[in-house]
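Down below is the structure, laid out as structure tokens.
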Amino acid sequence: MSHDLFERAVNAYRNEYPGSALDARAIRRRVLARAGMRRRRRLALLRVGLPVAATFSVSVALAASEVGFRGFDDVRRWLGEALEANTATPAPARSPGSPRASLAAPALVPSPPVAAAPGEVNQVPLPPPEPRAPKPRSGDDRRRERDSRSTPGRDAAAPLEAKGGARDLRPNLLSEDLASYQRAHRLHFHGGEPAAALGAWDAYLAAYPAGTFVPEARFNRAVCLLRLGRRAEAKAVLEPIAESSFAYGRERARALLGAME
Amino acid sequence: LHSLALPKIGALEEEFLERVRSGDPEAVATVYDRHHQALCSFAKRLLGDDHAAEDLVQDVFLVLPSLAHRLDPGASLRSFLLGIAANRARHYRRSWRRRLKFVERLGRESAPPCENPERASERKALASALARALDAIPFDHRVTFVLREIEGYSSREVALSLKIPEATVRTRVFHAKEKLRALLGGEDVR
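Keeping their order, the protein sequence lines are chains A and B.
Mapped onto this note's numbering, the consecutive letters of the first sequence carry residue numbers 151 to 411.
Mapped onto this note's numbering, the consecutive letters of the second sequence carry residue numbers 24 to 213.
Have a look at this one:
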């Protein structure tokens, strides 16, 4: 094929296939409509997706950070529900006729944070958490209880301190009657000697008449009396508990009284 | 022959490019108004079929925002668009079959009454023969030939569009011409 003929073919092709044959306006309309739609879709996705992603990230960060838990502890402490935690009190053995041992949160009334010596954290085990009826206490009781504690460095700003400070405060949030209560608790559930346990409960109640664990001590004392066969005394202790509208061991006290009759 | 004029390669403002990347319809419209003729012409001459060519042009401008991150400020936007079109035209091979039918129909159509019937007939026959020949050569040769010889872009711009060396452009054009001449020589185009 000659060069001239090839050039003519190229020219003919160029003329027969002009770009102007396409409907440029229609294409423009379609392109812009689709582009606008995509942009709106992307913006909508951003409006929804960003808050969701941000919420998720913040949640994960808070959950992962120690600070988040510290803050939670502070709030709980302020609410008076502190120290229901993780100490290793042995699980009480169940026995027919004897109530399941339980150790309640020690302080339902918000108690001010108290500075404590480091190292006490591991020495004083905390009772396992169990719901407990709040014990109505008079203002005098509270005052007496507060006076019985050594409370150096008590101030309102202390709970807002860092986590390390909050951990140091933990043992001091436990009332001092805890050690006495634990001794009685051990004798009651693990000692196998009701008389010794009864003595320990009596000692606790005598030492801390407005103590944190008075309701539990009273109920357990009644159980010890029952074990020792002193039914009348046990009944005298159990009846007020069973008749109370909201007291620790009320249902079990009623059950025991029912069984006694 | 506006298509033979060397196209101007304008530098893009980064801000404008950012708007294109974000899919701003106004920015896309600006790009379309500036470059749609080049794209329409190339698409039509590469594919032959009007519908396929329109789809290709539309496709190019729709994917532009998502591909614009590859475009540097100061680069040729037209070359970039032509490169997108050349790549995406591979997906429009099916339309070439329609194009063959179109070419055959074109050959049967009578020339406009104001034109010399003989010349018009000869032109149509030549165009049809070249279209068939273009269908017979490899796609890369075909794209390079259409851009360089039919659209009239420089070897440099074709190289920029297809992201190949200029020497490769020249080699492809040379081989395309050889094959097309051989194919056209075997046809009775007159």
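Positions of the beta carbon are idealized from the N, C-alpha and C atoms, including for glycine.
Report yes if the C-beta distance between Ala109/B and Val166/B is below 8 Å; otherwise report no.
-> Yes; because the gap between Cβ atoms is below 8 Å, this pair is in contact.
Can you find a CB in chain B that lies within less than 8 Å of the CB of Val181/A?
-> With 8 Å as the cut-off, Val181/A counts as an interface residue toward chain B.
Are the Cβ atoms of Phe84/B and Tyr55/B separated by less than 8 Å?
-> Yes, the pair counts as a contact, with Cβ atoms nearer than the cut-off.
Within 10 angstroms of its Cβ, does Val210/A collect 16 or more other Cβ (buried), or is it exposed?
-> Burial call: exposed.
At least one CB of chain B closer than 8 Å to the CB of Gly186/A: is that the case?
-> At least one CB atom of chain B sits nearer than 8 Å to the CB of Gly186/A.
Of all Cβ atoms in chain A, is any one closer than 8 Å to the Cβ of Tyr55/B?
-> Judged by the 8 Å Cβ criterion, Tyr55/B is in contact with chain A.
Can you give me the Cβ contacts of Ala372/A inside the same chain, cut-off strictly under 6 Å, excluding the 5 residues immediately before and after it?
-> For Ala372/A, same chain residues with a beta-carbon under 6 Å away, outside a window of 5 residues either side, are Ala384, Val387 and Leu388 in chain order.
For the alpha helix (DSSP H) holding Asp56/B, just list the boundary residues, first then last.
-> That run of the alpha helix (DSSP H) goes Pro48 to Leu70.
Per-residue contacts from Ile173/B into chain A (C-beta, under 9 Å) | Here the neighbours are Val160, Tyr163, Arg164 and Tyr167.
With 16 other Cβ atoms within 10 Å as the buried cut-off, status of Ala194/A | Classified as exposed, Ala194/A has fewer than 16 neighbouring CB atoms from the shown chains inside 10 Å of its CB.
Rounded to whole angstroms, what's the CA-CA distance from Lys186/B to Ala159/A? Just pull it up for me.
-> Their Cα atoms are separated by approximately 28 Å.
Measuring CB to CB, does Trp351/A end up less than 8 Å from Ala329/A?
-> For the 8 Å CB-CB criterion, Trp351/A and Ala329/A do not form a contact.
Could you tell me whether the Cβ of Ala174/A comes closer than 8 Å to any Cβ of chain B?
-> Chain B, which has a Cβ nearer than 8 Å to the Cβ of Ala174/A, makes this yes.
Using a beta-carbon distance cut-off of less than 8 Å, what residues from the stretch 186–213 of chain A approach chain B?
-> Those residues of the stretch 186–213 of chain A that come within reach of chain B (Cβ to Cβ, closer than 8 Å) are Gly186, Arg188, Arg189 and Arg192.
Is the distance from the Cβ of Ser45/B to the Cβ of Leu105/B below 8 Å?
-> Taking 8 Å as the Cβ cut-off, Ser45/B and Leu105/B do not qualify as a contacting pair.
Option in Ser207/A, Asp173/A, Ala204/A and Ala367/A with minimal Cα separation from Tyr331/A = The shortest Cα separation from Tyr331/A among Ser207/A, Asp173/A, Ala204/A and Ala367/A belongs to Ala367/A.
Can you name the residues of chain A whose CB is closer than 7 Å to the CB of Gly71/B?
-> Simply Tyr167.
Do Ala61/B and Leu79/B have their CB atoms nearer than 8 Å?
-> For Ala61/B and Leu79/B, no; Cβs fall outside 8 Å.
With respect to the alpha helix (DSSP H) encompassing Leu388/A, which residues constitute its N-terminal and C-terminal limits?
-> Where Leu388/A is concerned, the enclosing alpha helix (DSSP H) stretches over Arg381 to Glu393.
How many Å lie between Leu203/B and Ala150/B at the Cα?
-> Going by the C-alpha atoms only, they are around 12 Å apart.
Among Leu155/A, Pro359/A and Arg402/A, which has the Cα closest to the Cα of Ile391/A?
-> Of the listed residues, the one whose Cα sits closest to Ile391/A is Arg402/A.
Taking only beta-carbon atoms, is Leu85/B less than 8 Å away from chain A?
-> So yes, Leu85/B belongs to the interface.
So which residues on chain A does Gly46/B lean against when the C-beta distance must stay under 8 Å?
-> In chain order: Ala185, Arg188, Arg189 and Arg192.
Looking at Phe162/B and Arg111/B, is the spacing between their C-beta atoms short of 8 Å?
-> No, these two residues do not count as a Cβ contact at 8 Å.
Let me know the secondary structure DSSP gives Asp163/B once reduced to three states.
-> Of the three classes helix, strand and coil, the one that applies to Asp163/B here is helix, per DSSP.
Can you tell me whether Thr205/A is buried or exposed, with buried defined as 16 or more other CB within 10 angstroms of its CB?
-> Around the beta-carbon of Thr205/A, fewer than 16 other beta-carbon atoms lie within 10 Å, marking it exposed.
Would you call the CB atoms of Val364/A and Leu378/A closer than 8 Å?
-> Contact flag unset, no.
Looking at the unbroken alpha helix (DSSP H) that takes in Gly106/B, where does it start and where does it end?
-> Leu100 to Arg111 is the span of the alpha helix (DSSP H), which, as asked, contains Gly106/B.
Contact check, Val43/B vs Ala91/B, beta carbons under 8 Å = Yes, these two residues count as a Cβ contact at 8 Å.
In terms of residue numbering, what span does the alpha helix (DSSP H) encompassing Arg188/A cover?
-> From DSSP, the alpha helix (DSSP H) with Arg188/A extends over Ala174 to Ala214.
At a CB-CB cut-off below 9 Å, which residues of chain A make contact with Leu149/B?
-> Chain-ordered, the chain A residues with CB closer than 9 Å to the CB of Leu149/B read Leu155, Arg158, Ala159, Val160, Asn161, Ala162, Tyr163 and Glu166.
Compute the Euclidean distance between the alpha carbons of Ile177/A and Ala154/B, then round it to the nearest angstrom.
-> Those two C-alpha atoms are separated by around 24 Å.
Asp95/B: first and last residue of the uninterrupted alpha helix (DSSP H) it sits in = Under the DSSP assignment, Asp95/B falls outside any alpha helix (DSSP H); it carries neither an H nor an E label.
Among the residues of its own chain, which have a CB less than 6 Å from the CB of Phe103/B, if the five just before and after it don't count?
-> The beta carbon of Phe103/B sits closer than 6 Å to the beta carbons of Leu94 from its chain, once the five residues preceding and following it are set aside; these are given in chain order.
Alpha carbon to alpha carbon, how far is Thr53/B from Leu40/B?
-> Approximately 11 Å, taken between the alpha carbons.
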